[in-house]
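Note that the numbering used here has the sequence shown beginning at 12, numbered continuously upward.
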Amino acid sequence: MSSTYRGRIAPTPTGYLHLGHARTFWIAMERAKEAGGQLIFRDEDLDPQRCKQEFSQGAIEDLRWFGCDWQEGPDVGGSVGPYRQSERLTTFMTAWEQLKDSGYIYPCEKSRKDVARAAQAPHADEEASEPIYPESWRPPFGHGKDAQSPKDSNWRFRVPEDRTIEFDDIRLGPCAFDCLRDFGDFLVWRRDGVPAYELAVVVDDAAMQISEVVRGEDLLISTARQILLYEALGLQPPQFYHTPLLCDTSGQRLAKRNRSLTLRELREAGHQAEDLRTSEDWWSGLDD
Ligand code: GLU
């Protein structure tokens with residue numbers, strides 16, 4: 012059976028993967044298989060300060076041990092590579108240029124710290140997942156249009172006013188996020204020369220013809236931001252399936268810094284991948 016379904020798993024190699032990652036990736040793989048489609052492995056190794064080759068290699072080894080497989084990726088090749096984001100900078104640069112020329116983004120001298128501080132001001136929206144960039148700091152339209160490169164500035168996407176981003180998540184149903192209330196002007200390029208996650212992921216999901224993005228539900232607001240980027244770049248967004256997050260017995264979300272639960276350590280402690288996939292923890296929060 013031939014299918015146009017293309018899914019992906021896209022770890023960021025800043026640490027060893029834990030069981031929460033594995034579950035999201037497992038769901039992504041199952042969905043690709045059920046659809047008779049393809050699964051792509053993409054190494055999101057853009058940040059030279061935080062990403063390490065050891066973790067890129069570790070992700071491939073650990074996921075293979077866990078039982079995941081993919082049809083395209085840095086270790087197996089494929090027609091839409093390279094599959095490491097650090098080797099795709101020219102593609103991101105083209106997107107930066109397109110967004111800059113059409114006035115969607117602007118250079119910004121404020122640091123994340125400045126934004127966080129401003130958001131502690133009395134009127135800031137406490138429910139926002141990330142500090143909202145103050146509208147009063149926005150430069151006039153057209154600012155930065157003459158820049159030849161993104162060098163030495165942060166670049167932000169100018170979020171439209173009075174707009175709600177709506178999408179139908181395959182698992183969660185209708186989702187809606189208000190621009191400038193749930194999220195504000197967000198980073199697309201960092202001062203240190205690295206494209207931000209939101210831009211890189213949209214450019215690559217489109218370039219790799221991904222039809223469905225499976226990711227954790229902690230990224231729902233990112234999905235709303237990314238829909239704006241798809242529009243601005245004239246690209247068709249994929250479908251979205253947000254997975255529940257895996258929590259430990261105390262209800263805490265698993266995080267990379269919770270070292271005791273990396274796949275590597277579980278394996279070294281003698282666990283079998285299959286047992287992990289049938290454990291009670293594994294099923295926590297899953298609907299079926
Ligand atoms: N590299 C991102 C992460 O590990 C991918 C998120 C996504 O699936 O878009 O969080």
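No residue lacks a Cβ here, since even glycine has one placed at the ideal position from N, Cα and C.
Model, not experiment: these values are computed from the prediction.
Check	Outcome
Ends of the beta strand (DSSP E) at T105?	Where T105 is concerned, there is no enclosing beta strand (DSSP E), although the alpha helix (DSSP H) it sits in stretches over L100 to D112.
Is DSSP giving E209 helix, strand or coil here?	helix
How is the beta strand (DSSP E) around R17 delimited, first residue to last?	R17 to I20
Identify, in the order they occur along the chain, each residue of the same chain with its Cβ nearer than 8 Å to the Cβ of E45, setting aside the five sequence neighbours on each side.	none
Tell me where the beta strand (DSSP E) around W81 begins and ends.	No beta strand (DSSP E) holds W81; DSSP gives it neither H nor E.
So, does the region 244-253 touch the region 49-60, judging by three or more C-beta pairs under 8 Å?	no
Check R226 in the structure and name its three-state DSSP category.	strand
Among the candidates A21, A43, T23 and P22, whose CA atom is the shortest distance from the CA of S14?	A43
Just to confirm my understanding: we take L231, look at its own chain, exclude 5 residues before and 5 after, and list those with CB closer than 7 Å. What are they?	C186 and H253
Should T23 be counted as a contact of the ligand GLU given a C-beta to heavy atom distance under 8 Å?	yes
F64 by DSSP, collapsed to three states: which one?	Strictly speaking, residue 64 in this sequence is Gln, with Phe absent from that position. In the structure shown, Q64 sits in a helix (DSSP, three-state: H, G or I).
At a cut-off of 8 Å, would you count E55 as near the ligand GLU, judging by its Cβ distance to the nearest heavy atom?	yes
What does a CB cutoff of less than 6 Å around E285 pick up in its chain, not counting 5 residues either side in sequence?	none
Would you say the region 146-155 touches the region 84-94, given that touching needs at least three Cβ pairs under 8 Å?	no
Count Cβ pairs between the region 18-31 and the region 173-188 that sit closer than 8 Å; are there 3 or more?	no
Looking at F77 and R288, is the spacing between their C-beta atoms short of 9 Å?	yes
Under the DSSP definition of a beta bridge, which residues are partnered with A187?	E177
Report the three-state DSSP secondary structure of H253 (helix, strand or coil).	strand
Taking the alpha-carbon positions, what's the L239 to V170 distance?	8 Å
Got a sec? Which residues, its chain only, sit under 7 Å from A158 by beta carbon, not counting five neighbours each side?	K111 and P118
With distances taken between CB atoms, is the gap from C62 to T23 smaller than 9 Å?	yes
The ligand GLU and R264: does any heavy atom of the ligand fall closer than 8 Å to the residue's C-beta?	no
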